[in-house]
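See structure below.
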Amino acid sequence: MSNILVVAEQRDGTLNRSTWEAVVGGQKLAKELDKEVTVLLLGKDIKDLADETAGKGVTVMVVDHEKLADYTPDGYSAAIKQVVEKESPAYILFSHTYMVRDYAPKLAASLGKALISDCIRYKMAGDKPVFVRQVFQGKIDADFTFDGDGPYLVSFQVAAFNADDLATGGSGVVQNAEVNMDGVEIRTKVLEIFEGVKQEVDLSKAERIVSVGRGIKKPENMDLIKQLAEALDAEIAASRPVCDDGWLPLDRQVGSSGQTVAPKLYFAVGISGAIQHIVGMKNSGTIVAINKDPHAPIFDIADYGVVGDLFEVLPEFIKSVKKL
Amino acid sequence: MKIIVCMKQVPVKDSLLKITDDGSWVHETDLNYEINESDHYALEEALRLKEAHSGEVVLLSMGPERVREAIKQGLAKGADRAIHIDNSSFTTQDPFVNARVLAAAIKREEFDLVLSGLQTDDYGSAQTGVILAENLGVPSATIVMEIQKQNGGIKVKRELESGWFQWVELPLPSLLTIQSGINQIRYATIKGIMMAKKKEIKALGLSELGLSESDVEEGQTGLVFSKIYVPEKTKKTEIFEGDPREVAQKLADKLKNEAKVI
Ligand SMILES: Cc1cc2nc3c(=O)[nH]c(=O)nc-3n(C[C@H](O)[C@H](O)[C@H](O)COP(=O)(O)OP(=O)(O)OC[C@H]3O[C@@H](n4cnc5c(N)ncnc54)[C@H](O)[C@@H]3O)c2cc1C
Ligand SMILES: Nc1ncnc2c1ncn2[C@@H]1O[C@H](COP(=O)(O)O)[C@@H](O)[C@H]1O
Chain A
9 MSNILVVAEQ
19 RDGTLNRSTW
29 EAVVGGQKLA
39 KELDKEVTVL
49 LLGKDIKDLA
59 DETAGKGVTV
69 MVVDHEKLAD
79 YTPDGYSAAI
89 KQVVEKESPA
99 YILFSHTYMV
109 RDYAPKLAAS
119 LGKALISDCI
129 RYKMAGDKPV
139 FVRQVFQGKI
149 DADFTFDGDG
159 PYLVSFQVAA
169 FNADDLATGG
179 SGVVQNAEVN
189 MDGVEIRTKV
199 LEIFEGVKQE
209 VDLSKAERIV
219 SVGRGIKKPE
229 NMDLIKQLAE
239 ALDAEIAASR
249 PVCDDGWLPL
259 DRQVGSSGQT
269 VAPKLYFAVG
279 ISGAIQHIVG
289 MKNSGTIVAI
299 NKDPHAPIFD
309 IADYGVVGDL
319 FEVLPEFIKS
329 VKKL
Chain B
20 MKIIVCMKQV
30 PVKDSLLKIT
40 DDGSWVHETD
50 LNYEINESDH
60 YALEEALRLK
70 EAHSGEVVLL
80 SMGPERVREA
90 IKQGLAKGAD
100 RAIHIDNSSF
110 TTQDPFVNAR
120 VLAAAIKREE
130 FDLVLSGLQT
140 DDYGSAQTGV
150 ILAENLGVPS
160 ATIVMEIQKQ
170 NGGIKVKREL
180 ESGWFQWVEL
190 PLPSLLTIQS
200 GINQIRYATI
210 KGIMMAKKKE
220 IKALGLSELG
230 LSESDVEEGQ
240 TGLVFSKIYV
250 PEKTKKTEIF
260 EGDPREVAQK
270 LADKLKNEAK
280 VI
């Protein structure tokens, strides 16, 4: 079998939505390369989840083992390595989640192979896929390919593919894969999972959000943001560094490790637009960005972009809004 | 506790990047450099662990001659000594190769803990630390937001998505990749800067690390880098530029009358 193996991600018997995005990526690639997709599911007592997954018409390979009851990097990489050695897939695809960040590089290293991580898309050059990932925090794109024998490992950025594009109608078989975990030592002990800060503000309900990034430079300058928020009748949110530095409480953070919002208006001030921020706000209605760097990635998703110094533009803008 | 901190020097965040004509990388000569953000937090965390439990903090940085500036800054903050690997002759974007070289340097030391950043601000592969752990044969945990020393090991808080966290326990030695925001970074003091002048920066080359040219060759993992370029725009953005007053008025008008969101 020279297949495309897509590694699913589940916790407590529930699939992560981004698994389906990776499956869609796999299906598209499979079509280009004339291959088939198998979804690999790991865990303990996951028969129901396997059936449910296969119910969407995809072929599912299940590894059910005591040592995979909780996710650990040792358990996952050892189990996947055994499957890979038996099945020799051409490609192993992942969604670039925090769990995949935790074990996929280890798996790749144990196979002596490259993992092209956090790809935003692929494109075909003849019969060879070229994988595109971002460097310099999204300011520049970079092309990578694979050479030599597989397996080729690729992780795709969350939302790189649309889960709704899933091709259904396949036969939906469930296969069991045996692994021998006797010699595998699980060195990490997994303790509890918990929600961090108690969310005191629910930004997801806000109609308008003014969001501030490191471009604001100093906590003293936050007053300008307050004035802007008042003028627009908006809630205040921030990028991660602003919360890290304690200039705003953590529950105001938007992004992959913070809140996900979709207001009518998202007004981003001095935010560069790193992917971890974008995933938390890209579904907003109208996106405005003020940034002095014309190449800031935030402009790629903004409807209106002001290239300029926020300290010059904002006071004028607040005046203009008040006059409306 | 003996702690090794992997620290990369990267172009400062606000840099105006110019891509070379052949797309092989950006022009490096007119750039300013700084310590990679999450590595900076890793260093701070190492210094705090040393202050609480005594021990030694050793900096490990691979890069051209200029990275000595970052090393000196780390020494001024309180690291005890440093190792510099000059990679001018084998610069690669393959994290597997980079981790192999870093691992060779770490294997010459005894250590309880290796701390790296979770991701570089330039390459951003988010892989080097994890591969390094595999190479050293020690367990790892990523995206760490708190470290507690326990009898015989450590307990660490890992960040999960959307504001969730998880505690895990690891034996020592082990490797952690540190997330930005885990602590508040200190500034170097004048005294620290003076003291740093006397601290050792050991330069190590491939042969001292017991590695050969073939160990750092491109392509051994199958990875082929072709080029970098400015991303294509996918969304039509209306851009305003120029006089702040005019720009402000136009934007206010658009938001009120076109987008109808204010
Ligand atoms: C696992 C992981 C999870 C993460 N989770 C999140 C998250 O949930 N949320 C989040 O936001 N980030 C998150 N990050 C961090 C993210 O990668 C970026 O580092 C962060 O979003 C950058 O914040 P920023 O845009 O405010 O700062 P910077 O990237 O430093 O950008 C500042 C911007 O301000 C502009 N600027 C400076 N001065 C001015 C001026 N005078 N006028 C106008 N513009 C100016 C600059 O041109 C620049 O574009 C995460 C990272 C990782 C690795
Ligand atoms: N050249 C280097 N020298 C020292 N440490 C490095 C180097 N490259 C990467 N690292 C470490 O590995 C982490 C992850 O890097 P990356 O895989 O490039 O995202 C960084 O945050 C550093 O701690």
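Heads up: the protein sequence lines correspond to chains A and B, in order. Those letters in the first sequence? Residues 9 to 332, by my numbering. Those letters in the second sequence? Residues 20 to 281, by my numbering. Where is the CB? At the ideal position from N, CA and C, for every residue including glycine. Because the structure is a prediction, the values reported are computed rather than measured.
Would you tell me roughly how many angstroms separate the C-alpha atoms of residue i and residue j, rounded to the nearest one?
| i | j | result |
| --- | --- | --- |
| residue 42 of chain B | residue 150 of chain A | 9 Å |
| residue 144 of chain A | residue 37 of chain B | 12 Å |
| residue 31 of chain B | residue 208 of chain B | 22 Å |
| residue 176 of chain B | residue 110 of chain B | 34 Å |
| residue 138 of chain B | residue 27 of chain B | 10 Å |
| residue 225 of chain B | residue 81 of chain B | 12 Å |
| residue 233 of chain A | residue 223 of chain A | 12 Å |
| residue 77 of chain B | residue 191 of chain B | 17 Å |
| residue 9 of chain A | residue 185 of chain A | Because the pLDDT of residue 9 of chain A is 47, which lies under 50, any placement of that residue in the model is unreliable, and the question is left without a value. |
| residue 54 of chain B | residue 259 of chain A | 28 Å |
| residue 182 of chain A | residue 40 of chain A | 24 Å |
| residue 66 of chain B | residue 157 of chain A | 44 Å |
| residue 269 of chain B | residue 241 of chain A | 19 Å |
| residue 171 of chain B | residue 50 of chain B | 44 Å |
| residue 81 of chain A | residue 75 of chain B | 28 Å |
| residue 194 of chain A | residue 52 of chain A | 15 Å |
| residue 327 of chain A | residue 264 of chain A | 34 Å |
| residue 211 of chain B | residue 94 of chain B | 8 Å |
| residue 286 of chain A | residue 217 of chain A | 14 Å |
| residue 124 of chain A | residue 130 of chain A | 11 Å |
| residue 177 of chain A | residue 66 of chain A | 8 Å |
| residue 289 of chain A | residue 262 of chain A | 7 Å |
| residue 140 of chain A | residue 71 of chain B | 44 Å |
Tell me the DSSP secondary structure of residue i in three-state form.
| i | result |
| --- | --- |
| residue 298 of chain A | strand |
| residue 61 of chain A | helix |
| residue 216 of chain A | strand |
| residue 8 of chain A | A question about residue 8 of chain A goes unanswered here, because the residues of chain A that appear run from 9 up to 332. |
| residue 227 of chain A | helix |
| residue 182 of chain A | strand |
| residue 103 of chain B | strand |
| residue 32 of chain A | helix |
| residue 69 of chain A | strand |
| residue 252 of chain A | helix |
| residue 146 of chain B | coil |
| residue 271 of chain A | coil |
| residue 19 of chain A | strand |
| residue 129 of chain A | strand |
| residue 166 of chain A | coil |
| residue 226 of chain B | coil |
| residue 22 of chain B | strand |
| residue 9 of chain A | At residue 9 of chain A, the pLDDT of 47 sits below 50, so the modelled position is not reliable and the matter cannot be decided from this model. |
| residue 181 of chain B | helix |
Considering just the uninterrupted stretch of the beta strand (DSSP E) at residue i, what are its terminal residues?
| i | result |
| --- | --- |
| residue 177 of chain B | 172-178 |
| residue 205 of chain B | Note, residue 205 of chain B: premise wrong, no beta strand (DSSP E); not H, not E. |
The alpha helix (DSSP H) with residue i in it runs from where to where?
| i | result |
| --- | --- |
| residue 324 of chain A | 318-331 |
| residue 84 of chain A | 81-95 |
| residue 115 of chain B | 114-126 |
| residue 341 of chain B | Outside the shown range of chain B (20 to 281) lies residue 341 of chain B, about which nothing can therefore be said. |
| residue 284 of chain A | 283-286 |
| residue 113 of chain A | 106-119 |
| residue 86 of chain B | 86-96 |
| residue 64 of chain B | 56-72 |
Near-chain A residues of the region 82-103 of chain B (beta-carbon distance less than 9 Å), N- to C-terminal order | Answer in chain order: no residues at all.
Members of the region 16-27 of chain A that neighbour chain B once the beta carbon cut-off is set at 7 Å = Using a CB distance below 7 Å, no part of the region 16-27 of chain A faces chain B.
Relative to chain B, which residues along the region 185-211 of chain A have a C-beta separation below 8 Å, given in chain order?
-> Of all residues in the region 185-211 of chain A, 195, 196, 197, 198, 199, 200, 201, 202, 203, 204, 205, 207 have a Cβ within less than 8 Å of some Cβ in chain B.
Okay, do the region 113-125 of chain B and the region 146-162 of chain B touch, 3+ Cβ pairs below 8 Å being the bar?
-> These segments touch.
Using a Cβ-Cβ cut-off of less than 9 Å, list which residues of the region 220-250 of chain B approach chain A; keep chain order.
-> For the region 220-250 of chain B, the set of positions with a beta-carbon nearer than 9 Å to some beta-carbon of chain A reads 238, 239, 240, 241, 242, 243, 244, 245, 246, 247, 248, 249, 250 in chain order.
Validate contact between the region 211-226 of chain A and the region 265-281 of chain A using beta carbons, cut 8 Å, 3 pairs = Because the criterion of three Cβ pairs below 8 Å is met, the region 211-226 of chain A and the region 265-281 of chain A touch.
Determine, using beta-carbon pairs with one atom in the region 115-131 of chain A and one in the region 209-229 of chain B, whether at least three such pairs fall under 8 Å.
-> The region 115-131 of chain A is not in contact with the region 209-229 of chain B.
Selection of the region 186-220 of chain B by Cβ proximity to chain A, strictly under 7 Å = Within the region 186-220 of chain B, the qualifying residues are 186, 187, 188, 189, 190, 199, 200.
Per the contact definition of three or more C-beta pairs closer than 8 Å, is the region 159-170 of chain A in contact with the region 254-272 of chain B?
-> Contact check between the region 254-272 of chain B and the region 159-170 of chain A: fewer than three CB pairs, one atom from each, fall below 8 Å, which does not count as touching.
Check each residue of the region 120-140 of chain B: if its Cβ is closer than 8 Å to any Cβ of chain A, include it; give the result in chain order.
-> Under the 8 Å Cβ criterion, the region 120-140 of chain B contributes 137, 140.
Quick one, which residues of the region 155-166 of chain A are near chain B if we go by CB-CB under 8 Å, in chain order?
-> Of all residues in the region 155-166 of chain A, 155, 156, 157, 158, 160 have a Cβ within less than 8 Å of some Cβ in chain B.
Do the region 191-205 of chain B and the region 225-237 of chain B meet, that is, are 3 or more Cβ pairs less than 8 Å apart?
-> Cβ pair count under 8 Å is below three, so no.
The region 42-61 of chain A touching the region 23-31 of chain A, judged by at least three CB pairs closer than 8 Å | The region 42-61 of chain A vs the region 23-31 of chain A: in contact.
Members of the region 153-172 of chain B near chain A, C-beta cut-off 7 Å | Residues of the region 153-172 of chain B with a C-beta atom less than 7 Å from some C-beta of chain A are 153, 154, 158, 159, 160, 161, 162, listed in chain order.
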